[in-house]
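Residue numbers (the working numbering): 152 to 306. Cβ coordinates follow ideal geometry from the N, Cα and C atoms, glycine included. Keep in mind the model is a prediction, meaning the values are calculated, not measured.
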Amino acid sequence: MKIIAFFLLLVSLIYAKSDYDHLFMRESVRFNIPFKLLKAIAITESNLNHTAINMSNSNGTSDFGLMQVNSIHLNRYQNINETDLLNPSINVYIGAEILHRCIAKHKLNYKALNCYNGRVKNNNYSKKVIQNLLKINKGIDYDIIATSNSLIFTK
């Protein structure tokens, strides 16, 4: 019983309001991306750890920060380096901008989420994000419908 209580407490802490919600909200408004979707990606990518670094990508690139922004994207942003990607504000902005480009190309669906992760095909990434999105959404006044073609946010 104590193990179950501990697990429930841990889950509630992960999916509760985070220190970064204001950043997700700011970029949600800027890029017209659902706030909870940005947060779900950050949970999937780094478990909301702004200092997370992954240096083991097979192509020699590295991922940084909350949104695990890949170093391959740095060529688009002058005056931003790998250290800057550990700044939560910069990281969430760039992550949201990358997702915005993916949504513009694929619409708001699993392909856009997989695009954010770097590969559109043969990728289970979107399922992980949707699982986190559904966990975040418990008790919220809108539903999320995940189909093979789209993510639909309804009241």
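Does residue i pass the burial test, meaning 16 or more other C-beta atoms within 10 Å, or should it be called exposed?
| i | result |
| --- | --- |
| Val180 | exposed |
| Asn232 | exposed |
Among residues of its own chain, excluding the 5 on either side of residue i, which ones have a beta-carbon nearer than 6 Å to its beta-carbon?
| i | result |
| --- | --- |
| Gly216 | His201, Leu236, Leu237, Asn242 |
| Ala156 | Below a pLDDT of 50, predicted positions are generally treated as unreliable, and Ala156, at 42, falls in that range; the measurement from the model is reported next regardless. Cβ neighbours of Ala156 beyond the five flanking positions: none. |
| Thr318 | The structure shown does not extend to residue 318, since the chain spans only 152 to 306, so no value can be given for it. |
Is residue i helix, strand or coil when you go by DSSP?
| i | result |
| --- | --- |
| Asn242 | helix |
| Asp170 | coil |
| Ile184 | coil |
Taking the straight line between their C-alpha atoms, what separation do you get for residue i and residue j?
| i | j | result |
| --- | --- | --- |
| Ser169 | Asn210 | 32 Å |
| Leu284 | Leu174 | 17 Å |
| Asn230 | Asn265 | 27 Å |
| Asn268 | His224 | 12 Å |
Kindly list the residues whose CB is nearer than 8 Å to the CB of residue i, restricted to its own chain and excluding five residues on each side of it in sequence; keep chain order.
| i | result |
| --- | --- |
| Leu161 | Residue placement at Leu161 is flagged as unreliable, the pLDDT there being 43, under the threshold of 50; the coordinate-derived value follows with that caveat. Hits under 8 Å: none found. |
| Ser197 | Ala203, Gly216, Leu217, Met218, Gln219 |
| Ile254 | Ile184, Ala263 |
Going along the chain, which residues of its own chain have a beta-carbon closer than 7 Å to the beta-carbon of residue i, five neighbours each way excluded?
| i | result |
| --- | --- |
| Ile287 | Tyr166, Lys187, Lys190, Ala191 |
Just checking my contact of residue i with residue j at CB under 8 Å: how many whole Å lie between their CB atoms?
| i | j | result |
| --- | --- | --- |
| Glu178 | Tyr244 | 6 Å |
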